[in-house]
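Residue numbers (my numbering): 305 to 1242.
Quick reminder that beta carbons are idealized off the backbone N, C-alpha and C, glycines included.
Remarks on the structure that follows.
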């Protein structure tokens, strides 16, 4: 049995042992590769001190004024810096991953036209019997140049190849196509019939110098000519030595040629400490047009689909009957998907394995079945904010038995310099709830120690860098991430429902281009499964999405669906018209073995594609004929072997037909995700996303008699208060707004130190004394110390305060307290942005978001106690000051700092904060202390 218990239950409260991968990692941008050993060491030591677990090196564009320090990507000098970094990281216990490109997608100056990404363009002609086509069978590529830099250039000024041009960093070429005659791929004549096309004649060899030497036979004919063009996509955000063509992702030959450059650079180097290679999201078609072709496509298509696509060119171009167009388009798109999986992703993983490494892969953005691409990766990586769509990479990882699911985290959450660590916490909580357990911040820019403030910054980031004033509290925040991931990497996922990711309908629909891409944060939006995913997530059902390929490996054993070593109770199939026959038969065979398969609204009515169409239609019809449905309470069911097929318009039928119960806490506004421990018990990550506190009894879907609670932010723990109601154990929880806990269940009855629950024992006590406000770290200068009784934003005290970004400390004496209490809740009120609390010089905790409150044990208060609160504000105020004074800090090649919001676009088209008002900073109101009574009984 795959879910057999390997450990004995201890019943002890125990935090998991912290390992390197449990800590948050960060994307580490090397600008222009202008790195020095001294600054690399200083940076890594700073990251280690802040609690980071590792870095992912991504070389990108350079910084103006440092051109003499540029190092060419993969050159011997660059490799020296990489191996030095690996040695220092090993010394410090930091992990290292490496992007397999300078910028993204894969490409560079060694990628010649023959292995560069390509497109297919076409011309069509109508000709009657006995006539010739007089027009030339030629296609002249329209010239195109797109640059990300500020300096413009005409296509006539650009040499080929792109590496022959000077000032590549200045121009930052994004897409280049030269005017030229394109090579001919194929010419076919297709006999026009009333309902489509009949006879097909291959005329390719009859085209000489652009002239077709052919007289049309009797009837009307459509002549289709296909040409191979340059997609022209260049590597985005490339650094020195990385500029050039993007590879043909549908060709193993192209990938292998690309990777040989790395093999050559790696020779004789000790890269043993490097962990994984990384690929940023598929952005090949973040351009004009799309890369929709590879030279071997016709051969691959016939091998994979079983018929010759050259006989169906009008349908490929959308010129045949609507049904045939849809079927051929589906076959074309699934072939593209297969090539991206087999020729690129799997081959890249094999190459990495030969080097003793794995791959971290962002599959999103690609014109393929992203679940299959994620599944082919050692660590699938997602980005985004919406939980249902975020579940794509975790789902693929779960159903294929992968332990680590990573995320590009907190990417450009708000406008530059407006995000605080509370915003990051909200983003990470959502990622965890979706199934992520290996966070990568987006990100941290390498910046020399001597660089003027704000140092080197990346254009699409929250700026997790030491020059950010919030860095002062970054280490405390990273403890939260580390504690959470220690639990979320333990055991294995425990979800009940497999939700079918059916893309046949979508791939059968025509769209603006020939391809359909699956973008992050919108993966499932165009699929019927999105409605099912929304319902399941909103109502507390645990689920993973599963593709056709992944479903083929599912088996039913001991009343459980097994995939990747994980167990599921049922499969839900969203409303779908087309379903591959292999998938339909697999679902029926799982039901035959005893599974319950629930079809939402209807069974599929047809199969997609053109391959063996009549035969596979017949097979589907035969299986359907064996199903005899009877009406039930919330749907219809049909006996199918030892199991059943359910038809329903109501997904709550999962309770009746599959014994799948939602997590009850969702009805109270809480959210959770569950992990199965090796001793057969569970970890629950529980989050309160509300702006109000939660207090009450909660049922969870686990058999247990007692439980432990772990507070990830404070490190507090203890046994939970439980009770038995109607034969079921319930758990008592108190959660502040945005607060998260981990629940650990035990089958046995264990008691000990109770988790700290509190009741309010009296009215709040106000602070009435003076406050000393002293500025201790930041700039541009440290403002004078202030004595005040009334707290307000420190920006109100004058210019030197309004332009300050950094950390200030508030000190006061705690007022005389009227009663003794088990604990006191310190409520800071409105705070901007994070606050570390000290009592009599001893650190207590750090607060990152509202409510800014913390519990102080009563025994710590001795009378005449000193309270110190260190508050860090946003780096925005210092940026505002620079922009108002016209001091240039945007010194980068390439994008040079685009704004996220239109209102913040300056006259030069770039981000500016010169029109901003100073952001509120510090403590804005007087804190209070509220007496608390600690609940002692279970």
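Distance between beta carbons of residue 406 and residue 539, contact taken as under 8 Å: What you label residue 539 is simply residue 235 of the chain shown in a count that begins at 1. What you label residue 406 is simply residue 102 of the chain shown in a count that begins at 1. Between residue 406 and residue 539 the Cβ distance is about 7 Å, and since that is below 8 Å, they are a contact.
I need the DSSP call for residue 703, collapsed to helix, strand or coil. For this step, residue 703 is matched to residue 399 along the chain shown. Reduced to three states, the DSSP call for residue 703 is helix.
What are the boundary residues of the alpha helix (DSSP H) that residue 959 is part of? In the chain shown, residue 959 corresponds to position 655, counting from 1. 957-962 is the span of the alpha helix (DSSP H), which, as asked, contains residue 959.
Threshold first: 3 residues or longer. Then list the beta strand (DSSP E) segments lying entirely within the segment 514-594, N to C. 524-534, 580-583
Own chain partners of residue 537 with C-beta closer than 7 Å, once the 5 adjacent residues on each side are dropped: In the chain shown, the residue the question calls residue 537 occupies position 233. Cβ within range, chain order: 421, 479, 550, 588, 591, 595.
Coarse secondary structure for residue 625, derived from DSSP in three states: Within the chain shown, the letter at position 321 stands for residue 625. It is coil, neither helix nor strand.
What does the alpha-carbon distance come out to for the pair residue 908 and residue 835? Position 604 of the chain shown, counted from the first residue, corresponds to residue 908. Position 531 of the chain shown, counted from the first residue, corresponds to residue 835. Distance between the alpha carbons of residue 908 and residue 835 is about 17 Å.
Rounded to whole angstroms, what is the Cα-Cα separation between residue 1094 and residue 750? In the chain shown, the residue the question calls residue 1094 occupies position 790. In the chain shown, the residue the question calls residue 750 occupies position 446. Distance between the alpha carbons of residue 1094 and residue 750 is about 41 Å.
Considering just the uninterrupted stretch of the beta strand (DSSP E) at residue 298, what are its terminal residues? In the structure displayed, the chain extends from 305 to 1242; residue 298 sits before or after that span and is not available.
May I ask you to report which of helix, strand or coil DSSP gives residue 931? Residue numbering aside, residue 931 sits at position 627 when the chain shown is read from its first letter. Residue 931 falls in the coil class under three-state DSSP.
Start-end ranges of the alpha helix (DSSP H) lying completely within the segment 1102-1150, minimum 4 residues: 1103-1106
Does the distance from the C-beta atom of residue 827 to that of residue 673 stay below 8 Å? In the chain shown, counting from the first residue as 1, residue 827 sits at position 523. In the chain shown, counting from the first residue as 1, residue 673 sits at position 369. Not in contact: residue 827 and residue 673 (Cβ atoms no closer than 8 Å).
Backbone CA spacing between residue 1081 and residue 1155 [nearest angstrom]: Here the question's residue 1081 lines up with position 777 in the chain shown. Here the question's residue 1155 lines up with position 851 in the chain shown. Using only the alpha carbons, I get a separation of about 25 Å.
Tell me whether residue 1019 is buried or exposed, calling it buried when 16 or more other Cβ atoms sit within 10 Å of its Cβ. Working through the chain shown from its first residue, we reach residue 1019 at position 715. With fewer than 16 Cβ atoms within 10 Å of its Cβ, residue 1019 is classed as exposed.
Which runs of the beta strand (DSSP E), 3 residues or longer, sit entirely within the segment 369-431? 399-403
Taking just the CA atoms, how far does residue 1103 sit from residue 1181? For the purposes of this step, residue 1181 is taken as residue 877 along the chain shown, with counting starting at 1. For the purposes of this step, residue 1103 is taken as residue 799 along the chain shown, with counting starting at 1. Residue 1181 and residue 1103: Cα-Cα distance of roughly 11 Å.
Proximity to residue 513 [Cα-Cα], best of 500, 486, 993: Mapped onto the chain shown, residue 513 falls at position 209. It is 486 whose Cα lies nearest to the Cα of residue 513.
Kindly indicate which residue of 1221, 1188, 1100, 760 has the alpha-carbon position closest to the one of residue 343. Residue mapping note: residue 343 aligns to position 39 of the chain shown, counting from 1. The shortest Cα separation from residue 343 among 1221, 1188, 1100, 760 belongs to 760.
Taking the alpha-carbon positions, what's the residue 413 to residue 1145 distance? Indexing the chain shown from 1 puts residue 413 at position 109. Indexing the chain shown from 1 puts residue 1145 at position 841. Straight-line Cα distance between these residues: approximately 58 Å.
Sorted by chain position, which residues of the same chain lie with C-beta nearer than 7 Å to residue 510's C-beta, five sequence neighbours on each side aside? Here residue 510 is taken as the residue at index 206 of the chain shown, counted from 1. So the qualifying residues of the chain are 516, 517, 518.
Looking at residue 860 and residue 897, is the spacing between their C-beta atoms short of 8 Å? Locating residue 897 in the chain shown gives position 593, where the first residue counts as 1. Locating residue 860 in the chain shown gives position 556, where the first residue counts as 1. Yes; because the gap between Cβ atoms is below 8 Å, this pair is in contact.
Excluding the five sequence neighbours on either side, which residues of its own chain have a C-beta within less than 7 Å of the C-beta of residue 954, listed in chain order? Locating residue 954 in the chain shown gives position 650, counting from the first residue. Closer than 7 Å at Cβ, skipping near neighbours: 938, 939.
Under the three-state DSSP convention, the category residue 438 falls into: Taking the chain shown and counting its residues from 1, one reaches residue 438 at position 134. Coil.
When you compare each of 573, 361, 887, 415 to residue 387 by their alpha carbons, which one comes out closest? Taking the chain shown and counting its residues from 1, one reaches residue 387 at position 83. Among 573, 361, 887, 415, the Cα nearest to that of residue 387 is on 573.
Complete runs of the alpha helix (DSSP H) confined to the segment 819-862 [at least 4 residues]: 833-842, 852-855
Is the CB-CB distance between residue 686 and residue 679 below 8 Å? Indexing the chain shown from 1 puts residue 686 at position 382. Indexing the chain shown from 1 puts residue 679 at position 375. No, the Cβ-Cβ distance between residue 686 and residue 679 is not below 8 Å.
Assigned exposure category for residue 1164 - 16 Cβ within 10 Å defines buried: The residue you call residue 1164 lines up with position 860 of the chain shown. Answer is exposed; the Cβ neighbour count stays below 16.
Buried or exposed by the 16-neighbour rule on C-beta atoms within 10 Å, applied to residue 305: Taking the first residue of the chain shown as 1, we reach residue 305 at position 1. With a pLDDT of only 35 at residue 305, under 50, the local geometry of the prediction cannot be trusted, and no value is derived from it.
Residues sharing a beta bridge with residue 1064, DSSP: The count along the chain shown starts at 1 and reaches residue 1064 at position 760. According to DSSP, residue 1064 bridges with 1236.
Nearest-angstrom Cα distance between residue 867 and residue 803? Here residue 867 corresponds to residue number 563 of the chain shown, with the count starting at 1. Here residue 803 corresponds to residue number 499 of the chain shown, with the count starting at 1. Cα-Cα distance, rounded: 13 Å.
Going straight from the alpha carbon of residue 410 to that of residue 583, what length do you get? By 1-based counting over the chain shown, the position of residue 410 is 106. By 1-based counting over the chain shown, the position of residue 583 is 279. Spanning the two alpha carbons is a distance of roughly 8 Å.
On the three-state DSSP scale, how would you describe residue 602? For the purposes of this step, residue 602 is identified with residue 298 of the chain shown, where counting begins at 1. Residue state, collapsed to three classes: helix.
Nearest-angstrom Cα distance between residue 787 and residue 322? Mapped onto the chain shown, residue 787 falls at position 483. Mapped onto the chain shown, residue 322 falls at position 18. Between residue 787 and residue 322, the C-alpha separation is close to 8 Å.
Determine, using beta-carbon pairs with one atom in the segment 595-610 and one in the segment 560-572, whether at least three such pairs fall under 8 Å. no
Return no unless some Cβ of chain C is closer than 8 Å to the Cβ of residue 794. In summary, chain C is missing from the structure at hand, where a single protein chain is found.
Leaving out five residues on either side along the sequence, give the residues of the same chain with a beta carbon under 6 Å from the beta carbon of residue 667. Against the chain shown, residue 667 aligns to sequence position 363. 674, 677, 678, listed in sequence order.
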